[in-house]
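In order, the protein sequence lines correspond to chains A and B.
First residue of the first sequence: 1, per the UniProt record's numbering; consecutive thereafter.
First residue of the second sequence: 1, per the UniProt record's numbering; consecutive thereafter.
Yeah, the Cβ is synthetic: ideal placement off N, Cα and C, and Gly gets one too.
Each remark here refers to the structure printed beneath this line.
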Amino acid sequence: MAKITLDTLAHSYLADPKSPEDFALQELNHDWADGEAYALLGPSGCGKSTLLNIISGLLIPSHGRVLFDGKDVTHLPTADRNIAQVFQFPVVYDTMTVRENLAFPLKNRKLPQSEISDRVARVAKSIAMEDVLDRRAAGLTADAKQKISLGRGMVRDDVNALLFDEPLTVIDPHMKWELRTQLKQLHHDFGHTMIYVTHDQTEALTFADKVVVMYDGRVVQVGTPDELFERPAHTFVGYFIGSPGMNLFDARIEGTTAEIAGTRVDLGAGYRTKGGATKIGVRPEYICLGASGIPARVTRVEDVGRHKIIRLDMDGHQVAAIAGEGESVPDGGTHVQFAERGVNVYENEWRVPPEGGDGPLHTAREAA
Amino acid sequence: MKTDNQKAWLLVLPVLVLVAFSAVVPLMTVVNYSVQDTFGNNQFFWAGLAWFDDMLHSERMWNALGRQIVFSSIILAIEVPLGIFIALNMPKKGAWASVCLVLMSLPLLIPWNVVGTIWQIFGRVDIGLLGYTLDALGIDYNYTQGFYAAWTTVIIMDVWHWTSLVALLAYAGLRSIPDAYYQAAKIDQASRWAVFRYIELPKMRGVLTIAILLRFMDSFKIYTEPFVLTGGGPGNATTFLSIDLVQMALGQFDLGPAAAFSLMYFLVIMVISYVFYIVMTNLDKEEQGQ
């Protein structure tokens, strides 16, 4: 296992990149701590697979360096980086049994036979595949095949990192949960450095200790699931994470108050902005309806089972709010209020911390 | 609820008629000839299974069958590995991939008798590039007289004509392997041979089955090219089943024996192809099912 360092890393698929738009991956400095589970979250085409391929060595970055435990591996081929990768579509060696599949990386590394069978037995136990060791891998289900791919990585004791490239894409929904739980358990038991690429926020937030959110070739925030939920560093994180995403309002910030659609709202803390375009972001969980506040009209109510999503029209602006199952929703005209602790201020799409700094995180996020 | 309505049969009628005229009727005329004897004048006499019995004891037919099996085995043993080897070494993308594909398809587009003619001229000792060169090098090469020269030329001609088919099919099979397999193999530090043995070959099995079946059936029926090149000679050296059959049916006008011969020939191809197909699909099932 290793700490992975990205040092002024950037990548362009063009031969001679000039403007930032030419880069698939904007310049980036980041440490992936040893033994931690990371999720790399972002929409399709945001550069997350590019980044993963650079770490695994399938792609050589055009700029910057990749270090494993301080050793420069930027130009080292995949085979010599000692990493493991689980791909979107299950990769197993069809003609081999599960046992032979698991032994394959060790056989190629010319380990003694006794050592190989020991390790294969151990890994088979930890991925719960002891019963099927002598079956052909080709006949197994997709989730079993993904576990074999994972096992082929784990069988190497000294593997530097386990990389996952949207590994649950072809797994049946009811098995996704199961597999993710097992994965988390494996991380807990063995402490591999894991990097998990996905565009599914639920996968990312439930799997990872830290989530790296990417947008348009850039890392916009690295944080715990709670940090991403409570304090999105960028408006993109706000609306990409959460269901529905964060509401954003154009607002004029003056000290401790904001003016939204002609109504003054108390922010509860002072904010110093530099004259850029300011917005405030409030998650639907922190919006409640009442007799005072910003006037709005209820346009639709979606009951999703454990809560209701209320769609409102606020001066031509769409707003979403979440109400509990038992709460009654007013018909037509009402007012929107923000819970102070749920308000984030943005200037030019980036978050502005309140004067005096952020307080401790309070978690209102439901367990996803 | 059971309905006793037989009208649906009417819907199959057009197909039945079509198949009858295209396959069954011509085949039945052969069956017809195979059980009758004629002395001309359009008079036919019932001969029963005499012709079949004759053919089964005909040394000439067994010899032709033997030559045929040897020929098909040799060209399969050359064309399949060579086709795979070419496919593995063809460029994967870009302009060169297209150039290769076009070049590879060229032999497949040439009519059989033209292929025969090309090689007939190419191999001639007096004017052909190949024959003249070999002769100048002091090698005794004459496909019209030498047994080995004739066989070698017929085999090289077939390899030249048909290896492309195997290569193109294998290439298509290779192209359908997702990149992730190669990447996983790299991560597992698999050798080039292991990649071929455990990824490429298993993934190509489907197309290779088709390639082998096609090449077997086609080579077993080969007629035009050796007919143009050697005419079945020297002696009977390259008289394969089809050439023998045509000599019997049209050369000697022995319609009865030739018809019996055709039917047995047809059966042999069908049985071998069927057995091959069953073996391959069973292997497949074993792999998937177990």
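Less than 8 Å between the beta carbons of residue i and residue j, yes or no?
i        : j        : result
B/PRO226 : B/GLY235 : no
A/ASN101 : A/ARG156 : no
A/ALA10  : A/GLU27  : yes
A/TYR239 : A/VAL352 : no
A/ASN344 : A/PRO225 : no
A/ASP69  : A/ALA2   : yes
B/PRO81  : A/PHE89  : no
B/LEU255 : B/THR38  : yes
A/ALA258 : A/LEU248 : no
B/GLY229 : B/MET280 : With the sequence shown as reference, residue 229 of chain B is identified as Leu, and Gly is not the correct amino acid for it. Cβ distance not < 8 Å, so B/LEU229 and B/MET280 don't count as in contact.
B/SER273 : B/PHE216 : yes
B/TYR265 : B/ILE243 : no
A/PRO244 : A/ILE309 : yes
A/CYS46  : A/ASP172 : no
A/ALA269 : A/VAL159 : no
A/GLY305 : A/THR235 : no
B/LYS203 : B/GLY173 : yes
Is there at least one Cβ from chain A nearer than 8 Å to residue i's Cβ?
i        : result
B/ALA184 : yes
B/MET176 : It should be noted that the sequence gives Ser, not Met, for residue 176 of chain B. It does not: the Cβ of B/SER176 has no partner Cβ on chain A nearer than 8 Å.
B/ILE187 : yes
B/ILE84  : no
B/ALA194 : yes
B/PRO202 : yes
B/ILE278 : no
B/ALA170 : no
B/ILE118 : no
Quick one: is residue i near chain B, going by C-beta distance under 8 Å?
i                      : result
A/ARG119               : no
A/TYR93                : yes
residue 421 of chain A : In the structure displayed, chain A extends from 1 to 368; residue 421 of chain A sits before or after that span and is not available.
A/ALA15                : no
A/ALA124               : no
A/SER49                : no
A/LEU58                : yes
A/ARG109               : yes
A/ILE83                : yes
A/ARG99                : no
A/SER44                : no
A/THR198               : no
residue 369 of chain A : Chain A is shown only over 1 to 368; residue 369 of chain A falls outside these bounds and no answer can be derived.
A/MET96                : yes
A/ALA164               : Correcting the residue identity first, residue 164 of chain A is Phe in this sequence and not Ala. Cβ-Cβ to chain B under 8 Å: no for A/PHE164.
A/ALA2                 : no
A/ALA79                : yes
A/PHE87                : yes
Any idea if residue i is buried or exposed, counting beta-carbon neighbours within 10 angstroms, 16 or more meaning buried?
i        : result
B/SER219 : buried
B/TYR181 : buried
A/PRO360 : exposed
A/ASN29  : exposed
A/GLU340 : exposed
B/TYR148 : exposed
A/PHE104 : buried
B/VAL271 : exposed
B/PRO26  : exposed
A/GLN318 : exposed
B/ILE127 : exposed
Which of the three DSSP states, helix, strand or coil, is assigned to residue i?
i        : result
A/GLU227 : helix
B/MET55  : helix
B/ASP244 : helix
A/PRO360 : coil
B/PRO257 : helix
B/VAL279 : helix
B/ALA211 : helix
A/ILE253 : strand
B/VAL125 : coil
B/VAL24  : helix
A/GLN318 : strand
Can you determine whether any heavy atom of the ligand HEM sits closer than 7 Å to the C-beta of residue i, and answer yes or no?
i        : result
A/VAL170 : Here there are no bound small molecules, and the ligand HEM is not part of this structure.
Determine, using beta-carbon pairs with one atom in the segment 123 to 131 of chain B and one in the segment 177 to 197 of chain B, whether at least three such pairs fall under 8 Å. By the Cβ rule, the segment 123 to 131 of chain B does not count as touching the segment 177 to 197 of chain B, because fewer than three pairs are nearer than 8 Å.
So, does the segment 157 to 175 of chain B touch the segment 77 to 96 of chain B, judging by three or more C-beta pairs under 8 Å? Yes, since at least three Cβ pairs between the segment 157 to 175 of chain B and the segment 77 to 96 of chain B fall closer than 8 Å, the two stretches touch.
Flag this pair as touching only if the segment 278 to 296 of chain A and the segment 323 to 341 of chain A have three or more C-beta atom pairs under 8 Å; answer yes or no. As far as the Cβ criterion goes, the segment 278 to 296 of chain A touches the segment 323 to 341 of chain A, which means the pair count is three or higher.
Counting Cβ pairs, one atom from each stretch, are 3 or more of them under 8 Å apart for the segment 87 to 96 of chain A and the segment 178 to 195 of chain A? no
When the Cβ atoms of the segment 41 to 49 of chain A are set against those of the segment 193 to 202 of chain A, are three or more pairs found closer than 8 Å? yes
Taking contact to mean 3 or more Cβ pairs, one atom from each stretch, closer than 8 Å, check whether the segment 106 to 115 of chain A and the segment 131 to 148 of chain A are in contact. No, the segment 106 to 115 of chain A does not touch the segment 131 to 148 of chain A.
Would you call the segment 208 to 216 of chain B and the segment 131 to 141 of chain B in contact, with 3 or more CB pairs under 8 Å? no
Does the segment 50 to 59 of chain B come close enough to the segment 255 to 269 of chain B that 3 or more CB-CB pairs lie under 8 Å? The segment 255 to 269 of chain B is in contact with the segment 50 to 59 of chain B.
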